[in-house]
Every structure is written in C-alpha cells, then in structure tokens.
C-alpha cells in the first residue's frame with residue numbers, strides 16, 4: 606500500500622483564526638483511511654457545497670468528487 610502525501614494549508618487574515626483551508630493529494634492510493642486534522646471550528650466544502658467537517662476529515666471524503674478541496678470555516682468552536 607503506497608503512502609498518501611497530503612498538502613494542507615490554512616489561511617488566516619491578520620494572524621487570527623484560519624478562515625479557509627486547502628488540501629490537495631499528491632497521488633491517490635487504495636489506503637485512503639488517512640485523516641486530515643482541521644483547525645477548530647466547522648468547515649464546509651466551498652467547491653462542491655453541502656459537505657461539512659469538524660475536527661478531522663477523511664482524505665477519501667475530501668477528494669470524493671474532485672482532486673482538490675477548499676474548506677471554508679462556517680462556524681467557530
């Protein structure tokens with residue numbers, strides 16, 4: 606089983622709490638049980654809409670529809 610090398614970036618204006626997070630996979634594998642740790646809060650998929658994440662997101666769920674995900678904070682903890 607090949608490893609998944611994910612890239613995650615969080616963006617925050619003025620050094621405050623992150624408002625968006627971007628994730629892109631380097632390659633796909635059959636072992637997509639990898640979890641991506643998210644900053645605190647509720648996150649919504651800005652590209653496909655309707656999907657919400659808190660705490661952790663499974664890589665398989667993030668990249669189910671597109672090979673890129675853009676998560677936007679919709680609520681803070």
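Residue numbers (our numbering): 606 to 682. Quick reminder that beta carbons are idealized off the backbone N, C-alpha and C, glycines included. Note that this is a predicted model, so its numbers are computed, not measured.
When you compare the CB positions of residue i and residue j, do they come within less than 8 Å of one another, or not?
i	j	result
residue 681	residue 654	no
residue 664	residue 641	yes
Go to residue i, then tell me how far its alpha helix (DSSP H) extends in each direction, as first and last residue.
i	result
residue 665	664-667
Give the range of the beta strand (DSSP E) segment to which residue i is assigned.
i	result
residue 650	640-650
residue 676	674-680
Among the options, which one has its Cα closest to the Cα of residue i?
i	options	result
residue 678	668, 638 and 656	656
residue 622	638, 644 and 639	644
State buried or exposed for residue i, treating a residue as buried only when at least 16 other CB atoms are found within 10 Å of its CB.
i	result
residue 676	buried
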